[in-house]
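Peer 1:
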Amino acid sequence: MTIAANLGWPRIGPRRELKTALESFWSGKKSEDDLLADARALRVAARAVQRGRGISHIPCGDFALYDHVLETACSLGAIPAGYGWSGEGPVPLATLFALARGAPAGRFGPEPAPALELTKWFDTNYHYLVPRLSGETRFGLAHDRWTEAYAEARSEGVQTRPVLIGPVTFLLLSKREDQGDPLALLPSLLPAYGAILRNLAEAGAVWVQVDEPALVTDLPPGAHEAYALAYRGLADAAPGLKLLVATYFEGLRDNLATACALPVAGLHVDLVRAPDQLDAVLAAWPKDRWLSLGLVDGRNVWRTDLRAALAVARRAREAGFGERLMIAPSCSLLHVPHTVAMEDALDPALKRRLAFAVEKLEEVATLARGLDEGEGAIAARLAESDAVLAEAKADPRLNDPAVAARLAAITPEMERRASPYRERARKQAERLRLPPLPVTAIGSFPQTAEVRALRSRLARSEITQAQYEAEIERLIAEVVRWQDEIGVDVPVHGEFERNDMVKYFAEHLSGFAFTRHGWVQSYGSRCVAPPIIWADVSRPAPITVRWSAYAQSLTRRPMKGMLTGPVTMLQWSFARTDIPRETICRQIALALRDEVQDLERAGIAIIQIDEPAFREGLPLRRADRADYLRWAVACFRLASSGVRDETQIHTHMCYSEFNDIMAEIAALDADVISIETARSDMELLEAFLDFAYPNEIGPGVWDIHSPIVPTAERMAGLLRRAANRIPPERLWVNPDCGLKTRAWEEVRPAMANMVEAARILRAELAVPAAE
Ligand code: GLN
Ligand code: ZN
2 MTIAANLGWP RIGPRRELKT ALESFWSGKK SEDDLLADAR ALRVAARAVQ
52 RGRGISHIPC GDFALYDHVL ETACSLGAIP AGYGWSGEGP VPLATLFALA
102 RGAPAGRFGP EPAPALELTK WFDTNYHYLV PRLSGETRFG LAHDRWTEAY
152 AEARSEGVQT RPVLIGPVTF LLLSKREDQG DPLALLPSLL PAYGAILRNL
202 AEAGAVWVQV DEPALVTDLP PGAHEAYALA YRGLADAAPG LKLLVATYFE
252 GLRDNLATAC ALPVAGLHVD LVRAPDQLDA VLAAWPKDRW LSLGLVDGRN
302 VWRTDLRAAL AVARRAREAG FGERLMIAPS CSLLHVPHTV AMEDALDPAL
352 KRRLAFAVEK LEEVATLARG LDEGEGAIAA RLAESDAVLA EAKADPRLND
402 PAVAARLAAI TPEMERRASP YRERARKQAE RLRLPPLPVT AIGSFPQTAE
452 VRALRSRLAR SEITQAQYEA EIERLIAEVV RWQDEIGVDV PVHGEFERND
502 MVKYFAEHLS GFAFTRHGWV QSYGSRCVAP PIIWADVSRP APITVRWSAY
552 AQSLTRRPMK GMLTGPVTML QWSFARTDIP RETICRQIAL ALRDEVQDLE
602 RAGIAIIQID EPAFREGLPL RRADRADYLR WAVACFRLAS SGVRDETQIH
652 THMCYSEFND IMAEIAALDA DVISIETARS DMELLEAFLD FAYPNEIGPG
702 VWDIHSPIVP TAERMAGLLR RAANRIPPER LWVNPDCGLK TRAWEEVRPA
752 MANMVEAARI LRAELAVPAA E
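In terms of our numbering, the sequence shown opens at residue 2 and continues consecutively.
Take a look at the structure:
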């Protein structure tokens with residue numbers, strides 16, 4: 002019988018219960034036992050939902066309190082020194098959270114313990130913590146979280162499929178502090194994996210899912226051999242277990258032969274992202290083994306075309322896999338919201354087109370049934386799917402002729418600033434009169450309970466729009482005054498009017514829809530509720546101009562206006578699939594271009610267009626990248642180039658490795674770029690130095706993902722490193738990112754320290770201090 006399988010479940014909970022639990026634990030309101038009990042309740046509920054939807058391969062071990070990569074590292078004993086773990090036995094929660102969030106001086110030693118680096122999980126907006134390994138790392142099974150998870154489900158009578166990050170992917174996602182090849186650690190890592198598999202076999206597990214998404218990437222030298230070695234080791238460790246190697250986010254392409262040579266019982270392939278790999282997979286994967294078909298999109302919110310998906314499954318059956326098929330989502334459902342059922346405010350026609358995690362499992366089970374019992378058995382489901390698709394296709398609201406006309410009228414000049422950077426820089430310097438090493442923030446200041454309460458009171462009509470705006474103005478006035486006092490050269494208004502950098506803009510553009518509970522985990526307790534782009538995008542009216550103009554009226558210093566860039570708007574939304582992403586991005590770029598020009602007209606001399614997701618949109622395969630970069634760069638330039646030379650365009654990026662896209666980052670031709678560099682100790686800056694980035698740079702000097710307040714000396718040290726290689730006249734001083742998630746108790750001293758750090762450096766470099 003065809004197996005209806007799932008690869009992973011959204012762990013945050015339908016109402017973000019995990020977020021609530023974590024945050025009350027961190028603030029001391031909840032005990033460790035309570036936190037663990039809440040986490041368990043979430044897992045129990047998750048199993049019940051999956052079972053109720055007819056899934057027979059339910060994952061376990063996919064849950065994590067903060068991040069599954071971090072928990073894998075901890076369970077494998079791959080923990081750097083200085084985090085309070087003795088090297089023996091289970092890793093204390095304090096160690097886990099210190100690795101995730103950093104710990105202050107005095108907790109584990111005289112120095113603060115920095116958090117591990119945070120980076121994007123493949124091309125998703127989920128962030129994992131990068132394990133720090135070295136030749137000294139002694140892998141050992143510190144804590145068998147997988148067998149524990151399996152036993153927990155088993156105690157309820159539920160047979161589950163444990164999920165492990167495969168050893169090769171785990172190593173490739175890690176960083177070696179001693180610069181060695183992470184794959185060289187494979188022989189010392191394998192015994193720990195062997196132990197897990199033996200424990201699982203002994204506990205009664207039948208199938209084990211081993212995630213190897215690295216198999217869809219361009220593999221580094223040695224990886225093919227590593228795969229062969231690793232899976233020979235795993236197969237030998239527990240010969241009775243059936244291993245399913247899961248690949249997702251792309252096709253296997255040239256790694257297909259490597260995958261097919263692995264001595265495992267099953268292979269999962271992503272047929273949503275890479276439908277064209279079907280023939281090659283059907284031809285190459287041995288017919289006496291299991292094939293898991295990822296037919297339901299785990300990365301987007303749209304319903305599956307059940308008839309088309311069933312046809313694909315049939316082809317697999319006819320190709321000779323017979324009964325040895327699994328139907329599954331394309332990847333873990335971690336990347337989609339929980340259920341459409343809770344959405345009571347969506348346009349009903351749009352709502353019918355959506356499927357979140359719960360509904361996706363229903364689709365999986367329906368397809369499995371249709372494959373076994375024939376179309377007739379799922380006739381009603383097929384008819385419904387057909388009807389919804391037809392209705393969507395015919396919906397006149399999707400296409401706006403005015404948007405099409407503007408798109409058709411884009412000229413190459415619209416994607417170019419009038420003069421080259423050097424000339425612009427001269428005119429900007431004359432206009433702005435900034436000191437060397439100007440200090441600025443990235444845009445947002447703390448989203449306090451007060452700010453959030455204002456928004457919800459407005460939403461509940463407890464205050465009028467006018468009252469709300471007056472309150473926001475009061476908050477803006479406060480932070481403008483404070484920045485003037487401490488000496489921030491380019492102040493920001495704090496973004497208090499924004500709930501979220503994408504949602505806020507989306508709410509002011511047409512073509513977007515919003516969920517009420519559509520939360521997706523971004524990292525740890527941080528969640529985002531991506532808007533849904535379902536129709537053509539345009540800007541009915543100016544968005545931020547009134548706030549920026551008000552803030553500017555309060556100070557003589559140049560106020561920076563902040564917008565979310567077109568690529569990030571697209572990347573952090575769930576996008577329609579009936580037109581190319583490139584077209585959607587151009588539509589957004591045109592809308593933002595109008596906003597940029599309106600800001601300029603309102604006297605805003607510095608405009609920052611945030612593109613933190615620019616790197617994340619990069620296709621996983623090098624061969625696909627040029628095309629993406631072509632349109633992504635063009636869209637940024639379309640949004641930003643409509644201003645005079647004297648107007649300074651900034652961009653901001655974070656959580657990224659920039660090495661492989663430096664030419665394109667330079668091609669954005671922003672006058673200033675701020676990047677996240679503090680957490681990596683300026684390592685990320687290297688790319689800009691090697692490339693000789695031609696415009697101005699603000700390397701982040703404060704890791705804002707950690708609650709630790711950096712001293713002026715620490716930040717001056719980072720600046721010193723940067724100033725060694727970047728001419729001071731092109732260096733800016735700023736935090737790694739926006740400060741909305743931080744508390745004022747951290748922001749006030751840290752910003753003051755940052756100003757002080759800039760003063761120290763200006764004095765050292767013997768350039769005049771701020772006037
Ligand atoms: N301007 C945004 C802020 O300050 C940028 C956030 C981001 O890059 N993620 O919050
Ligand atoms: Zn950022």
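We put the beta carbon where it would ideally sit given N, CA and C, even for glycine. From a predicted model like this one, the values you see are computed outputs, not experimental measurements.
In this structure, how does DSSP classify residue 402 when only helix, strand and coil are distinguished?
Peer 2: If DSSP states are grouped into helix, strand and coil, residue 402 belongs with the helices.
Peer 1: Taking only the alpha-carbon atoms, compute the straight-line gap between residue 613 and residue 460 and give it to the nearest angstrom.
Peer 2: Roughly 29 Å between the two C-alpha positions.
Peer 1: When we look at the beta-carbon of residue 2 and count the other beta-carbons within 10 Å, is it buried (16 or more) or exposed?
Peer 2: The residue in question, residue 2, is exposed, as its Cβ has fewer than 16 Cβ neighbours within 10 Å.
Peer 1: At the level of alpha carbons, what is the spacing between residue 29 and residue 714?
Peer 2: Distance between the alpha carbons of residue 29 and residue 714 is about 30 Å.
Peer 1: For residue 184 versus residue 247, is the C-beta distance shorter than 8 Å?
Peer 2: Contact flag unset, no.
Peer 1: First and last residue of the beta strand (DSSP E) that includes residue 31?
Peer 2: From DSSP, residue 31 is part of no beta strand (DSSP E); its letter is neither H nor E.
Peer 1: Can you check the region 276 to 308 for any alpha helix (DSSP H) of at least 4 residues that lies completely inside it and give the ranges in chain order?
Peer 2: You should have 279 to 285.
Peer 1: Does the Cβ of residue 286 have 16 or more other Cβ atoms within 10 Å, making it buried, or fewer, making it exposed?
Peer 2: So residue 286 counts as buried.
Peer 1: Is it true that the CB of residue 304 sits closer than 8 Å to the CB of residue 356?
Peer 2: Taking 8 Å as the Cβ cut-off, residue 356 and residue 304 qualify as a contacting pair.
Peer 1: In terms of alpha-carbon separation, which member of 292, 294, 322, 334 lies closest to residue 302?
Peer 2: Selected option, being the one with the closest Cα: 334.
Peer 1: Could you give the first and the last residue of the continuous alpha helix (DSSP H) run that contains residue 457?
Peer 2: 450 to 460 is the extent of the alpha helix (DSSP H) around residue 457.
Peer 1: Under 7 Å from any heavy atom of the ligand ZN, does the C-beta of residue 739 make it?
Peer 2: Checking the Cβ of residue 739 against the ligand ZN gives yes.
Peer 1: Do residue 605 and the ligand HEM come close, with the Cβ less than 7 Å from some heavy atom?
Peer 2: As far as ligands go, the structure on display features the ligand GLN and the ligand ZN and does not contain the ligand HEM.
Peer 1: At the level of alpha carbons, what is the spacing between residue 700 and residue 60?
Peer 2: For residue 700 and residue 60, the distance between alpha carbons rounds to 41 Å.
Peer 1: Counting pairs of beta carbons, one from the region 393 to 403 and one from the region 528 to 544, are three or more of them closer than 8 Å?
Peer 2: Cβ pair count under 8 Å is three or more, so yes.
Peer 1: For residue 94 and residue 67, I'd like the C-alpha separation in whole angstroms.
Peer 2: Cα to Cα, residue 94 sits roughly 11 Å from residue 67.
Peer 1: Could you tell me which residues DSSP pairs with residue 611 in its beta bridges?
Peer 2: For residue 611, which the question treats as bridged, DSSP gives the partners 565, 653.
Peer 1: Who are the near neighbours of residue 230 in its chain, counting only those whose CB is closer than 7 Å to its CB and skipping five residues on each side?
Peer 2: Cβ neighbours of residue 230 beyond the five flanking positions: 187.
Peer 1: Would you decide whether residue 611 is buried or exposed? Buried here means 16 or more other CB atoms lie within 10 Å of its CB.
Peer 2: Buried, by the Cβ-count rule.
Peer 1: Measuring CA to CA, which of 351, 102, 689, 344 is closest to residue 359?
Peer 2: Residue 344 is the option with its Cα nearest to residue 359.
Peer 1: Leaving out the 5 sequence neighbours to the left and right, which residues in its chain are closer than 7 Å to residue 559 when beta-carbon positions are compared?
Peer 2: Excluding residues within five positions, the ones whose Cβ falls inside 7 Å are 433, 491, 606, 607.
Peer 1: Pick out whichever of 120, 668, 339 has its Cα sitting closest to the Cα of residue 361.
Peer 2: That would be 339, whose Cα lies nearest to the Cα of residue 361.
Peer 1: Between which two residues does the beta strand (DSSP E) carrying residue 788 extend?
Peer 2: Look at the range of the chain in this structure, 2 to 772, and you will see that residue 788 is not part of it.
Peer 1: Answer yes if the region 132 to 148 comes into contact with the region 71 to 78, meaning at least three C-beta pairs across the two stretches below 8 Å, and no otherwise.
Peer 2: Result yes; three or more Cβ-Cβ pairs closer than 8 Å.
Peer 1: Does residue 683 come out as helix, strand or coil in the three-state DSSP assignment?
Peer 2: If DSSP states are grouped into helix, strand and coil, residue 683 belongs with coil.
Peer 1: What are the complete beta strand (DSSP E) segments, minimum 3 residues, inside the region 146 to 186?
Peer 2: For the region 146 to 186, whole beta strand (DSSP E) runs of length 3 or above, ordered along the chain, are 161 to 166.
Peer 1: Rounded to a whole number of angstroms, what is the C-alpha to C-alpha distance between residue 232 and residue 264?
Peer 2: Taking the straight line from one Cα to the other gives about 6 Å.
Peer 1: Give the straight-line distance between the Cα atoms of residue 85 and residue 697, rounded to the nearest whole angstrom.
Peer 2: Cα to Cα, the separation comes out at about 40 Å.
Peer 1: Tell me, please, which residues DSSP counts as bridged to residue 4.
Peer 2: According to DSSP, residue 4 bridges with 327.
Peer 1: Express the C-alpha separation of residue 521 and residue 249 in angstroms, rounding to a whole number.
Peer 2: Taking the straight line joining both Cα atoms gives about 18 Å.
Peer 1: Taking 7 Å as the line, does the beta carbon of residue 528 fall inside it for any heavy atom of the ligand GLN?
Peer 2: Checking the Cβ of residue 528 against the ligand GLN gives no.
Peer 1: So, is residue 632 buried or exposed, given that buried needs 16 or more other C-beta atoms within 10 angstroms?
Peer 2: Looking at its Cβ environment, which holds 16 or more other Cβ atoms inside 10 Å, residue 632 is buried.
Peer 1: Once DSSP output is grouped into helix, strand and coil, what is the label at residue 10?
Peer 2: DSSP places residue 10 in coil when its eight states are reduced to three.
Peer 1: Since residue 252 is in the alpha helix (DSSP H), which residue starts that stretch and which ends it?
Peer 2: No alpha helix (DSSP H) contains residue 252, which DSSP labels as neither H nor E.
Peer 1: Are the CB atoms of residue 523 and residue 200 within a distance shorter than 8 Å?
Peer 2: Contact flag unset, no.
Peer 1: Give a yes or no on contact between the region 414 to 430 and the region 464 to 477, applying the rule of three or more CB pairs nearer than 8 Å.
Peer 2: With the cut-off at 8 Å, the region 414 to 430 and the region 464 to 477 do not touch.
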